[in-house]
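Each remark here refers to the structure printed beneath this line.
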Amino acid sequence: MLLSELAEKELIEMENGVRYGFLAETECIFDAKTGKITGFEMPPQMVKMPFQKKKPGMVKYIPWEEIILIGEDRVLFQKTTSSLKHANDE
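Going left to right, the sequence shown walks through residues 489 to 578 as the working numbering numbers them.
Set out below in structure tokens:
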């Protein structure tokens, strides 16, 4: 699969069904030594939690390990974290 094809897919969190927008709107985080994708960082304006107060500067990170399925139109993932800790630990 090409990166351009992956970028067109919509991000959906399986745990609560929240839509986060499209992968093209995220920052791809990867290990420069291996080229392995470690996850995706979503800018604060992408994070729109229904029925919850928006926290200023809230940045979410989707670790690669949390991606369950890359489908034809969507990327389904289990959950996000609030930091890049997973990426920096490897």
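Even glycine gets a Cβ: it sits at the ideal position worked out from N, Cα and C.
Remember, it's a predicted structure, so these values are computed and weren't measured experimentally.
query	result
Please state whether the Cβ-Cβ distance between residue 549 and residue 527 is less than 8 Å.	yes
If you measure between the beta carbons of residue 569 and residue 501, is that distance less than 8 Å?	no
Counting only the same chain and skipping the five closest in sequence on each side, list residues whose C-beta sits under 7 Å from that of residue 562.	497, 498, 500
In three-state DSSP terms, what is residue 529?	strand
With a CB to CB cut of under 8 Å and the five nearest residues on each side skipped, what residues in its chain are close to residue 559?	497
Where does residue 557 sit, in a helix, a strand or coil, going by DSSP?	strand
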